[in-house]
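Some notes on the structure that comes next.
Quick look at the structure:
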(Lines of atoms letter the chains of each structure in order from A and count residues from 1; the text may use other names and numbers.)
(Lines give C-alpha, C1' and ligand atoms only; values in the text may rest on other atoms or scores of the structure.)
Protein backbone atom coordinates (compact mmCIF):
# COMPACT_ATOMS: atom_id res chain seq x y z
CA UNK A 1 0.00 0.00 0.00
CA UNK A 2 1.45 3.34 -1.00
CA UNK A 3 1.90 5.89 1.76
CA UNK A 4 0.49 8.82 -0.19
CA UNK A 5 -2.84 10.58 0.34
CA UNK A 6 -5.01 10.66 -2.79
CA UNK A 7 -6.54 14.00 -1.75
CA UNK A 8 -3.73 16.24 -0.47
CA UNK A 9 -0.66 14.27 -1.64
CA UNK A 10 0.81 13.96 1.86
CA UNK A 11 3.63 11.40 1.89
CA UNK A 12 6.42 10.24 4.21
CA UNK A 13 8.91 12.83 5.42
CA UNK A 14 12.35 12.12 6.78
CA UNK A 15 14.18 13.34 9.85
CA UNK A 16 16.38 12.18 12.70
CA UNK A 17 15.71 10.24 15.87
CA UNK A 18 17.66 12.01 18.62
CA UNK A 19 19.00 9.78 21.39
CA UNK A 20 19.65 11.75 24.56
CA UNK A 21 21.96 10.97 27.46
CA UNK A 22 21.40 12.12 31.02
CA UNK A 23 19.20 11.66 34.04
CA UNK A 24 15.73 13.18 33.62
CA UNK A 25 15.78 16.79 32.49
CA UNK A 26 19.08 17.48 34.20
CA UNK A 27 22.28 17.74 32.18
CA UNK A 28 21.07 16.28 28.88
CA UNK A 29 23.38 15.66 25.98
CA UNK A 30 22.71 14.35 22.49
CA UNK A 31 24.23 10.91 22.23
CA UNK A 32 23.38 10.04 18.63
CA UNK A 33 21.22 10.96 15.67
CA UNK A 34 19.90 8.21 13.44
CA UNK A 35 17.67 8.61 10.37
CA UNK A 36 13.96 7.89 10.68
CA UNK A 37 10.81 8.18 8.63
CA UNK A 38 7.56 9.94 9.58
CA UNK A 39 4.63 8.17 7.88
CA UNK A 40 1.25 9.88 7.44
CA UNK A 41 -1.80 8.11 8.92
CA UNK A 42 -3.32 6.75 5.71
CA UNK A 43 -6.69 4.96 5.87
CA UNK A 44 -8.54 3.11 3.11
CA UNK A 45 -11.90 4.85 2.56
CA UNK A 46 -14.88 4.40 0.26
CA UNK A 47 -15.73 7.90 -0.92
CA UNK A 48 -18.16 9.41 -3.39
CA UNK A 49 -16.44 10.79 -6.49
CA UNK A 50 -18.78 12.21 -9.16
CA UNK A 51 -21.64 10.24 -7.61
CA UNK A 52 -19.93 6.83 -7.68
CA UNK A 53 -18.35 5.09 -4.67
CA UNK A 54 -14.58 4.72 -5.10
CA UNK A 55 -11.86 3.24 -2.90
CA UNK A 56 -9.26 5.81 -1.92
CA UNK A 57 -6.29 6.09 0.41
CA UNK A 58 -6.83 9.24 2.47
CA UNK A 59 -4.94 10.72 5.44
CA UNK A 60 -6.88 11.22 8.66
CA UNK A 61 -6.42 15.00 8.54
CA UNK A 62 -8.35 15.10 5.24
CA UNK A 63 -11.08 12.86 6.70
CA UNK A 64 -11.43 15.12 9.76
CA UNK A 65 -11.45 18.25 7.59
CA UNK A 66 -14.33 16.84 5.53
CA UNK A 67 -12.46 16.88 2.23
CA UNK A 68 -13.96 13.50 1.27
CA UNK A 69 -17.59 12.44 1.44
CA UNK A 70 -17.69 8.91 2.84
CA UNK A 71 -20.13 6.28 1.60
CA UNK A 72 -22.47 5.07 4.34
CA UNK A 73 -23.36 1.40 4.39
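Numbering (full-length UniProt numbering), first residue to last: 1 to 73.
The beta carbon of each residue, even a glycine, is placed where N, CA and C say it ideally should be.
None of these values were measured; they are calculated from a predicted model.
CB of residue i within 8 Å of CB of residue j, strictly
i: residue 57; j: residue 8; result: no
i: residue 47; j: residue 72; result: no
For residue i, three-class secondary structure by DSSP
i: residue 59; result: strand
i: residue 67; result: coil
i: residue 11; result: coil
i: residue 44; result: strand
i: residue 72; result: coil
Length of the line joining the Cα atoms of residue i and residue j
i: residue 69; j: residue 33; result: 41 Å
i: residue 23; j: residue 44; result: 42 Å
i: residue 65; j: residue 16; result: 29 Å
i: residue 29; j: residue 59; result: 35 Å
i: residue 52; j: residue 61; result: 23 Å
i: residue 54; j: residue 31; result: 48 Å
Whole-angstrom C-beta distance between residue j and residue i, which should lie under 8 Å
i: residue 67; j: residue 42; result: Incorrect: roughly 14 Å between the Cβ atoms, too far for contact.
At least three beta-carbon pairs within less than 8 Å, the segment 32–39 to the segment 12–21: The segment 32–39 is in contact with the segment 12–21.
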